[in-house]
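Residues 129 to 817, numbered by the working numbering, are exactly what the first sequence covers, in order.
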Amino acid sequence: KKHKDKEKLKHSDGGSDKHREKHKEKDKDKEKRRDEKVCSWLSLCSSPSIKSEPEEDNGFYPSPQNNKSSKRECEYKPKKVKAEHDKKAKKRKHEYEEDEDEEHKKKTKDKKVADGKKAKKEEEEKWKWWEEERSTDGSKWRFLEHKGPVFAPPYEPLPGKVKFYYDGKPMKLSAPAEEVATFFAKMLDHEYTTKDIFRKNFFKDWRKEMTSEEKSTITDLNKCNFSEMSEYFKAQSEARKQMSKEEKQKIKEENERLLQEYGFCIMDNHKERIGNFRIEPPGLFRGRGDHPKMGMLKRRIRPEDIIINCSKDSKHPKPPPGTKWKEVRHDNKVTWLASWTENIQGSIKYIMLNPSSRIKGEKDWQKYETARRLKKCVDRIRSQYRDDWKSKEMRIRQRAVALYFIDKLALRAGNEKEEGETADTVGCCSLRVEHIKLYPKMDEQEYVVEFDFLGKDSIRYYNKIPVEKRVFKNLQLFLENKQPEDDLFDRLNTSILNKHLQELMDGLTAKVFRTYNASITLQQQLKELSCSDDSVPAKILSYNRANRAVAILCNHQRAPPKTFEKSMQNLQTKIDEKQNQLSAARKQLKAAKADHKASHDEKSKKAVEVKRKAVQRIEEQLMKLQVQATDREENKQIALGTSKLNYLDPRISVAWCKKYGVPIEKIYNKTQREKFAWAIDMAEKDYEF
DNA sequence: CTTATCACTTAGAATCTGATAT
DNA sequence: ATATCAGATTCTAAGTGATAAG
């Protein structure tokens, strides 16, 4: 039997030992707690009755054909998309068709115009990419033109009066050393700067920027006094807040100009919004969790570091005067417009399009279609992995148990990571012995597994869950003769797992289970919680609760907002006020009624009605506030955004809104509506995931 | 097979903005 | 008019997974 031997030397780094006691308490309060999860959803998601749909996959796997410019009309996919809800998504300013692009507005343009005639004026302005055919040859675009990225503003030296002190004595720093010092000064209030690794990394990199004199003088970070610099920046930001309206307006306009100039590109005849057109400014690296590289200097990116990607026949972006790009290439197999290599991890960073763009939207749509295909065969896959728990091969058993966790608990795949390069976090395949505990009996339950590990972003996953006996026995087997730091699944990695999944279903990978289980959970929860008779706020509470169930499943946590207690209190004050108002209004109503009883005239009758209305209105307002309070309380440590944006098929939400008469704006804000325009346009009230 | 590289999605925190309260 | 706060937006780190290279 082969044994995988990945060294686990992480605790042998002698350098940091002496400082360990210092972090202890800090680390502790960083730990995030989470409530126990309810995992009852599993049994609910295996409905075998899949409504037969008119071959949804067609859109994604069109028959191969020549899609070079010659025959654009043929590629048009006559999808039966109704147009009547277009009024919903009115002003999407930036999705206009591009007119300036002379050489390239050929067939598509003509077709568009012809198409548009049927629709109303405003509708022909937004491009419904989802009604068009997708390219089949793996190319991501045919034409791409942009102006390149916006660079970080150059360093502005501090005014002479702002001093840095070393060992109590003022010291004028060279510009490069001063710049790096300001990065530290700006973070002085942050807990980061007290951490030893951070300080060590910072000091090491800072010294690299110093002149040799500075280097020989400044040898101890503890003797450095940045407080004047820190005060200066605080004053600056205060001054910025105090600026007059005109000045603020000016800055706003400048930003808008930059956005208009650099924030858009032209891709295949359409003007599309760029996601991140600004290059990341230099600064100190802030990792998440216990990151070995925190505090390192993130260097300034120059034009010479940037690779530009665009069409050969486009107007190439110009580098700033006196500089050159690293390279200009024309690769239409990728979606990025510019890239550079970052110096902390040596990874590549990209400039890409906004989520509202065709290129992102298509991919997103496709992701949900893959998840829906999983829905059709998930029963088969589940029964297979259950069978595999009995396999005589260890690797198959491990694979099957891991897959069970991924499916049941929505764990991430868990790729291996390079040790010492990143914080020590794990996913399913990289779980170690130390991350689980087995309890043959716990309280009323049998075969309980306790998970406790740090996942992506060093967010803690803590969960106790009863599993089937067979899983439990397998886990005991996997744990035999292992040290805490050994891999739980020593015969498995994400590559093996995904290869297996690929055989079970085309396009299936571990992360599809997260998408699938998230979306199906939302759909079920909505079904369960929604009530047509509820008021709109109550319906929204139900929606948020369904969303919350998903966020809990996916372990999307957040640090409770700093102002949480306060904001709860504020809300409670409002509720109390409203309650007083209500009783006052009720009293008035009573009085009016009595008055009416006595006089029986028209005027008093009217007064009763008026008061009745008032009471009703206040009741409604009170209800709304109470619902809001409940919602907020339940949301204290749970982040809904991530699942809403990345895991929940937006068509489920759109359909729900239509079915229950909830305006889509109550569920998705403007940005979200732009991202999900395709779903808002195509989903009907009977849409089923 | 293992490892490295690349491209892309997913993630929570930080910061900004504009509506509402004072 | 100004302060406050919540929601929107921006930022960029940290994952996944395909594929190339060794």
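Even for Gly, the Cβ is constructed at its ideal location relative to N, Cα and C.
- With contacts defined by Cβ atoms closer than 9 Å, Lys772 and Asn675 form a contacting pair.
- Across the structure, Glu400 and Ile476 are spaced so that their CA atoms are roughly 23 Å apart.
- Met751 and Ala677 have their C-alpha atoms some 23 Å from each other.
- Ranked by how close their Cα comes to the Cα of Glu284, the residues Ser302, Tyr294 and Lys275 have Ser302 in first place.
- The straight-line gap separating the alpha-carbon atoms of Val576 and Val561 is approximately 15 Å.
- For the set Gln685, Leu699 and Met315, the Cα lying nearest the Cα of Thr691 is the one of Leu699.
- Ranking Glu802, Tyr788, Gln800 and Trp784 by CA distance to the CA of Ala811 puts Trp784 first.
- Across the set Leu539, Leu657, Ala551 and Phe617, the C-alpha of Leu539 shows the shortest separation from the C-alpha of Ala638.
- Trp493: not part of any beta strand (DSSP E); member of the alpha helix (DSSP H) spanning Arg486 to Asp516, first to last residue.
- Burial state of Pro568 is exposed, judged by a 10 Å Cβ sphere holding fewer than 16 other Cβ atoms.
- With fewer than 16 other Cβ atoms from the protein chains shown falling within 10 Å of its own Cβ, Arg457 counts as exposed.
- Contact annotation: Phe292 and Glu306 have beta-carbon atoms nearer than 9 Å.
- A straight line joining the alpha-carbon of Asn774 with that of Ile346 spans about 48 Å.
- Straight across, the Cα-Cα distance linking Pro410 with Leu603 is about 47 Å.
- Under the DSSP assignment, Phe617 falls outside any beta strand (DSSP E); it carries neither an H nor an E label.
- Taking 4 residues as the shortest admissible run, the segment 649-674 contains no complete alpha helix (DSSP H) segment at all.
- In the DSSP assignment, Arg401 forms a beta bridge with Phe392.
- Judged by DSSP secondary structure, Arg588 falls within the beta strand (DSSP E) whose first and last residues are Arg588 to Pro594.
- Fewer than three pairs of CB atoms, one per stretch, sit closer than 8 Å, so the segment 263-277 makes no contact with the segment 328-342.
- Across the structure, Glu337 and Thr321 are spaced so that their CA atoms are roughly 19 Å apart.
- Straight-line measurement puts the Cα of Thr264 at about 15 Å from the Cα of Trp258.
- For the pair of segments examined, the segment 655-671 was found not to touch the segment 796-816: the number of CB pairs separated by less than 8 Å stays below three.
- Note that the C-beta distance between Glu802 and Asn404 is not below 9 Å.
- Between Phe361 and Ala309 the beta-carbon gap is near 11 Å, outside 8 Å, which marks them as no contact.
- Taking the Cα positions, Thr463 is about 47 Å away from Glu608.
- The beta carbons of Ala735 and Ala757 sit no closer together than 9 Å.
- Here Arg406 is bridged, per DSSP, to Val278.
- If you keep only unbroken alpha helix (DSSP H) runs of at least 4 residues inside the segment 280-334, you get 303-314.
- Per DSSP, the unbroken beta strand (DSSP E) holding Ile476 starts and ends at Ile476 to Ile479.
- A straight line joining the alpha-carbon of Gln653 with that of Met395 spans about 39 Å.
- By a beta-carbon distance limit of 8 Å, Gly542 contacts Val554. Their separation comes to about 6 Å.
- Burial check for Asn763: the Cβ neighbour count within 10 Å reaches 16 or more, so the residue is buried.
- Setting aside the 5 residues that flank it on each side, Met315 is surrounded in the same chain by Thr321 and Leu412, each with a C-beta closer than 7 Å to its C-beta; the list follows chain order.
- Remark: C-beta atoms of Ser695 and Tyr788 do not approach each other more closely than 9 Å.
- Between the C-alpha atoms of Ser647 and Ile402 there is a straight-line separation of about 28 Å.
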